[in-house]
Amino acid sequence: MNATPWDNSRPAQGSDIRFFIDSADRSAAEPWLQIGMFSGLTTNPQLMREAGQKISDIESIYTWARAAGAREVCFQAWGETTDEQYRSAMEIREIAPGATIKVPCTVTGAQTISRLRDQDIPVLLTAVYSAKQALIGSALGVKYIAPYFNRMFRAGLDGTEEIEHMVRAIPQDGSGPMIMAASIKSAKHLVTLTDIGVRTFTVSPNVLDDLFTDDLTAKAVADFEGFMLDVR
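Below is the structure:
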């Protein structure tokens, strides 16, 4: 059967907007995943701690996220040395076989990424704060580069300008790494970033609430339902 624009199995195209849910909390993330518009789930150690999850829960998170419709699930490697990071990445892949591995943008991380790349393991370069770091990700051949949009501003940087440089340097047509904007605090941030060419985002359930909330739409829906009472 040919795929339709609403078929969740249809591969994403280069110009499509893609959303990931940034959460390790099943009760918060699972209902959103079941809508069918999300590409996957991203987690990190902070999100796992906030959700009361441990390393031993990675397999469970991967299982419920995939069952709810996530095509990709991302977990972060840990360790202070390349060997430690690599071992943790392989530990993740053993219990979550299709997981994308998040690795921070450091020299140690670059060495880890090279080893994972040689095994065709998809990598998300994380903890990115500047355009120059995106060049590292592109040279390493990662799948995603995750700049921290709001955190850039909190650090006194112009997050919009930095990410715009990334998008100009790395075409977002699917031919190379995709910029996955993270640290998004509002739906307005999403619009700002799409304006400069970002096509992939990871967002919290709170931001998804904001994305779907529109008072004018709610009023229109209520009006339509009222009119339907007259035409039944």
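Heads up: the sequence shown at position 50 corresponds to 1417 in the numbering used here, and the numbers run straight through without jumps.
We put the CB at the ideal spot given by N, CA and C, even for glycine.
query	result
Unbroken alpha helix (DSSP H) run spanning Ile1459, endpoints	1449-1462
The stretch 1489-1499 touching the stretch 1471-1480, judged by at least three CB pairs closer than 8 Å	yes
Minimum C-alpha distance to Thr1467 - residue among Ser1481, Ala1444, Gly1476	Ala1444
Contacting residues, own chain, Cβ-Cβ under 8 Å from Met1368 (five flanking each side not counted)	The predicted model places Met1368 with a pLDDT of 34, which falls under 50 and marks its position as unreliable; any figure quoted below should be read in that light. Excluding residues within five positions, none has a Cβ falling inside 8 Å.
Whole-Å CB distance - Ala1501 paired with Ile1537, under 8 Å assumed	6 Å
Cβ-Cβ separation, Ser1571 to Asp1389 (assumed contact under 8 Å), whole Å	5 Å
Member of Gly1407, Asp1576, Met1547 whose CA lies at the smallest distance from the CA of Gly1564	Met1547
Distance, Leu1575 Cα to Asp1581 Cα	12 Å
Touch test, the stretch 1402-1416 against the stretch 1425-1436, Cβ-Cβ under 8 Å, three pairs minimum	yes
According to DSSP, residues forming a beta bridge with Met1415	Answer is none; Met1415 lacks a bridge partner.
Within the stretch 1482-1531, ranges of the alpha helix (DSSP H) (whole runs, at least 4 residues)	1498-1507, 1516-1521
Integer-rounded CB distance, given that Thr1409 should sit under 8 Å from Phe1386	With a Cβ gap of about 10 Å, Phe1386 and Thr1409 do not count as contacting.
Contact the stretch 1478-1494 vs the stretch 1450-1458: 3+ CB pairs below 8 Å	yes
Under the three-state DSSP convention, the category Thr1409 falls into	strand
Coil, strand or helix - Asp1582 by DSSP	helix
Neighbour-count burial assignment, Ser1542, 16 or more Cβ in a 10 Å radius	exposed
Local Cβ density within 10 Å of Lys1499, reported as buried at 16 or more and exposed below that	exposed
Residue interval of the beta strand (DSSP E) (run including Ala1548)	1545-1548
Proximal residues to Thr1559 (C-beta, below 8 Å), its chain only, five neighbours per side dropped	Thr1527
Boundaries (first-last residue) of the alpha helix (DSSP H) holding Thr1561	1554-1562
Backbone CA spacing between Glu1458 and Ala1587 [nearest angstrom]	51 Å
Proximity to Glu1531 [Cα-Cα], best of Arg1566, Leu1507, Lys1555	Arg1566
Own chain, CB closer than 7 Å to Thr1475, minus 5 neighbours either side, in chain order	Thr1448, Thr1449, Gln1452
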